[in-house]
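For reference, the structure is listed below as structure tokens.
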Amino acid sequence: MKYRPRDIEGKWQKAWEEAGVFRCPDALSAPKYYCLEMFPYPSGRIHMGHVRVYTIGDLLARFKRMRGYQVLHPIGWDAFGLPAENAAFRHGTHPAKWTWENIGFMREQLKQMGISYDWEREFSTCSPEYYRWEQLFFLWMLEDGIAYRKRATLNWCDECQTVLANEQVNRDGTCFIHDQTQVTQRELDQWFVAITKYAEELLAGHGELAGGWPENILEMQRNWIGRSEGAEIRFPLAEGAGDITVFTTRPDTLFGATFMSMAPEHPMVMEFARKSGREVEVREFVDRVARQDRVERTGEDMAREGIFTGGHCVNPATGEKIPVYAANFVLYEYGTGAVMAVPAHDQRDFEFARRYGLPVVVVVQPEGEALDPETMTAAHEGAGRLVRSGEFSGLDSGDGKVAITRHLEGKGQGRGTVRYRLRDWGVSRQRYWGCPIPVIHCEACGVVPVPAKDLPVVLPEDLPYTRERGNPLAGAEGWLRVPCPSCGKPARRETDTFDTFFESSWYFLRYIDPKNDRAPLDPEKMRRFAPVDQYVGGVEHACMHLIYARFFHRYLRDKGLAPGNEPFLRLLSQGMVCMQTLECPKHGWRYPEEVDESGACRQCGETVSVGRSMKMSKSKRNVVEPSALIERYGADTARIFSLFAAPPEKDLDWSEQGVEGAFRFLGRVYRLVALRAGAVSAAPRQWDGSEEVRRIRQVTHRTLRKVTGDVEERFHFNTAISAVMEMVNFLYLVDDAAWGAPATAGALREAVELLLHMLSPFAPHVAEELWQRVGNADLICTRRWPEADVAAAREDTVEVVVQVNGKVRTRLTVAAGAGEDEIRVLATSDPRVLEHTAGKEIRKTVYVPGKLFSIVAA
RNA sequence: GCGAGAGUGGCGGAAUGGCAGACGCGCCGGAUUUAGGAUCCGGUGGGCAACCGUGAGGGUUCAAGUCCCUCCUCUCGCACCA
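Read in my numbering, the first sequence has 800 at position 632, and its numbers run on one by one without any break.
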């Protein structure tokens, strides 16, 4: 009778596997539902974040399966990446061995969680059967001009001996892995993928995602892509031929451009300086800015600083000669690296102009104000009416933008254009444990793609351990020396490997056709199962993975492989798993076992402060191990707690007591059903019209209606569980006589059976065990989700609240169909109501049917 | 600075503009037990009460946690992007 998860969980996991109930055949026999959670990096063991995300996904998968869908619910491994390589150097294990061992371990843990995966579709991105295809994609990208090679200034970590993406550089300019190491800038030849060609489309695609994706994720992507509309304007040089092109979002302020600012790295800066003999001082400034790291240069209180280059150009609108400055706040990578400076209408330019005594010319006057360049203390960046702008004076600044842009276009001095903050995707990594980039460098022929027939380029198995740092592939002599595919002379392989986001950009499609060895993807199968109906994962991937994947999907669409534009129709971004922290004033973060009962540090006796709940991490010593949790309470408890403690999109505060509560609930269900199993299986599947039956069926079907709606429509799993808890509480109060009497036992049998159906996606093992106990031979997880009986759920009496001047004064119990007149008579004659209306006139009444009757009296 | 989200009992959290605090944790009491634990039952926002209570202040409404305005705090994202 005691609930012992260990006795039942393994048994049912085996039963599901043997029956193959989670396998999704290639042929469709019902509407498809593709449910996917972001696949894990095989770091060694699963953590609570995994438990949460896979539980959420599994709940949906199991629910949809019971709803009659053919559910595709796959899992695999995002298996390339730096940690494997670091582990290899630290422990002398090969990254492949380390990775495969971790996969084996984590696979077992996921199986112990009872997640309903189709394991036959599992794959690992580090196997050549997978990555060979992205090598092929890369060859296509080369042909299409989507992939290209460019010398680029990149973030370099000396510790990793590799480049880092901007996102991998911490705010303070350190490496995201080695937070003691300052990232520096290096010039290297790198492979890029032209994601910017799809920038506009990625933005437009948000229209398709609205409603299915959380608004904040879409907003983050919008910021990331950073579209801005404006104009490119050519400023002729004052001395000699040529011009400087600037990008501006404010062409309406062109007449107010009194100088120009250029990024210090801009090649024309030194050119101007040389010509005007200002080389020494300009060089000094440029070098100083170059030495500043990211933080310093982009810091909040960084002064706007610059130096006159010695050059001039001509404002194409006013014809005036204006000086060209190099300024620390101008970014070389954005726009054209040069900015027309309009101090009256741009705060940065304003500060710069005041500092260097440059003229301020007001060309936009706000309504009802008269800006005076002499007395202004800040730039006016808002709208207004154009002044001192020649033929454009008098126009509204919005119209001025259009008019001036058009005017410049007519004269060939500029054009309207759109710029993005998004950069092309740098995919080169100087690492061993990644997918080799399939090109060969030949002295005679240059960069030569590996012919498709020679794919895959497989990683050499022998890893030269002599190199502690840098890219081991560069030392793999036997592997990298190959004849040039073009001329046959000795050549060398590319030693860079792909950014691991390459693998995660299309894995969701490969699950649909995981074993295909003739093609990466079968378009027919893609049409059948793509796109993903529901994707579940963390916010941390809002910008990188989710944008790369959306891009990749579009590229594969253009190659005829992927159907539609968007890979993920709906996205659920689940919150983090947090845990209370403990901090000792002397020893820092403490594990709970490092603190005694009185709250003192076991090492020094100082009082340990209980800190706020933070994301679980090893460094903060506030992690809970899933394996220990499952060992002690079972998978069902882990699942129930994860789903019950918070709505999925919010952060979840881990609490040992909360886990106890989840375990207790399951024990309660278990004991209830086990105790009544005999009565339930012996009961007839019919009932009488008694009041008691009516009440039992009402609770049952209302619960079913609520649980169905909460899971299907609202994704409120916590309230669904609380509804089930209420139903269980109710069933506990049903007495022995009712369980024994045939008339009521039938209704109770229905109640228990439906209860177990509802429980099945949440706590599948308990549901399965109890389903068997009440006399069934089939698997409950394969059954259809029951439909609530609307008539049974209906109430026959309702309670109507009566308010007088907004305060509740009495409650009336009336028949469900009672009309307003009937309520009015009852309400206005109620003594409690009369007490508050005595001597007053009833001015107005409002009736909300079946809920509330409101009296306004004065 | 800009943008998004959030602020409700001791705690996690519930509430299509219609009874604030469902459900759970914790706590209190009872039953059972030699005892403890486990289990089952009951109670539990504050206030003796009228009443008061959803970060603060205003507003709309018969009615506001929910809608509008101002502000405060926290979390996340972006951040010299021209």
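Yeah, the Cβ is synthetic: ideal placement off N, Cα and C, and Gly gets one too. These figures come from a predicted structure and were not determined experimentally.
Roughly how many angstroms lie between the CA atoms of Cys192 and Ala891, to the nearest whole one? 31 Å
Quick one: is Ser1029 buried, meaning 16 or more other Cβ sit within 10 Å of its Cβ, or exposed? Residue numbering for the chain in the displayed model covers 169 to 1026; residue 1029 lies beyond these limits and cannot be assessed.
Can at least three beta-carbon pairs, one atom from the stretch 906-925 and one from the stretch 202-213, be found at a separation below 8 Å? no
Report the residue from Ala995, Ser673, Pro954 whose alpha carbon sits nearest the alpha carbon of Arg235. Pro954
Beta-carbon contacts of Ala888 that lie in its chain and below 6 Å, excluding the five residues immediately before and after: Val875, Asp878, Val879
Decide if the stretch 762-781 is in contact with the stretch 394-410; the criterion is three or more beta carbon pairs, one per stretch, under 8 Å apart. no
What is the residue span of the beta strand (DSSP E) that Pro404 lies within? 396-404
Taking Asp326 as the reference, give the member of Val920, Gln303, Gln350 with the closest Cα. Gln350
Report back the beta-carbon spacing between Gly373 and Glu734 to the nearest angstrom; my notes put them in contact at under 8 Å. 6 Å
Can Asp411 and Phe423 be called in contact, C-beta distance under 8 Å? no
If we count the other Cβ atoms within 10 Å of its Cβ and call it buried at 16 or more, is Tyr366 buried or exposed? buried
From the DSSP output, in three-state form, read off Lys657 for me. coil
Best match in Glu990, Val1016, Phe697 for proximity to Gln971 [C-alpha to C-alpha]: Val1016
Could you please give the first and the last residue of the uninterrupted alpha helix (DSSP H) stretch that includes Thr912? 910-927
Please tell me whether, using a cut-off of 7 Å, the distance from the CB of Met206 to the nearest non-hydrogen atom of the ligand NAP is below it. For the structure depicted, the ligand NAP is absent and the ligand set is empty, with no information on it obtainable.
Look at Arg553 and Gln533 and say whether their C-beta atoms are less than 8 Å apart. yes
Separation of Met281 from Leu740, as counted between CA atoms: 20 Å
Considering only the beta carbon of each residue, do Ala252 and Trp266 sit closer than 8 Å? yes
Would you check if the distance between the CB atom of Thr477 and the CB atom of Val448 is smaller than 8 Å? no
Are Thr223 and Ser795 closer than 8 Å when you measure CB to CB? no
Buried or exposed for Gly467, please, with buried defined as at least 16 other CB atoms from any protein chain shown within 10 angstroms of its CB. Low local confidence applies: a pLDDT of 48 at Gly467 is under 50, so the model's placement there is unreliable, with the coordinate-based value given in what follows. Its Cβ having fewer than 16 others within 10 Å, Gly467 is exposed.
At which residue ranges does the stretch 962-997 contain complete alpha helix (DSSP H) runs of 4 or more residues, listed in the order of the chain? 988-996
I'd like the ranges of any beta strand (DSSP E) spanning at least 3 consecutive residues and lying wholly in the stretch 749-780. none
Quick one: what does DSSP say Trp266 is sitting in, helix, strand or coil? helix
Neighbourhood of Glu1009 by C-beta, 7 Å cutoff - its chain only, sequence neighbours within 5 removed: Ala1025, Ala1026
State the start and end residues of the unbroken alpha helix (DSSP H) segment that holds Thr1005. 999-1005
Mind checking whether Pro624 and Pro296 have CB atoms under 8 Å apart? yes
For Lys818, which residues in the same chain have their Cβ closer than 8 Å to its Cβ, ignoring the five residues on either side in sequence? Gly743
Flag this pair as yes or no: are the beta carbons of Ala506 and Phe427 separated by less than 8 Å? no
Residue from Arg522, Lys279, Ala409, Thr321 whose Cα sits closest to the Cα of Lys179: Lys279
Alpha carbon of Ser565 to alpha carbon of Asp514, nearest angstrom: 14 Å
Using three-state DSSP, classify Asp891 as helix, strand or coil. The amino acid occupying residue 891 in the given sequence is Ala; Asp does not appear at that position. Reduced to three states, the DSSP call for Ala891 is helix.
Using the Cβ count rule (16 or more neighbours within 10 Å means buried), how would you classify Gln181? buried
If you follow the alpha helix (DSSP H) that Gly479 is part of, which residue opens it and which one closes it? No alpha helix (DSSP H) holds Gly479; the beta strand (DSSP E) holding it covers 474-482.
Taking DSSP as the reference, what is the three-state secondary structure of Gly467? Per-residue confidence for Gly467 stands at a pLDDT of 48, beneath the threshold of 50, marking its modelled position as unreliable; no derived number is given.
So does the stretch 194-202 actually touch the stretch 687-704, counting three or more Cβ pairs closer than 8 Å? yes
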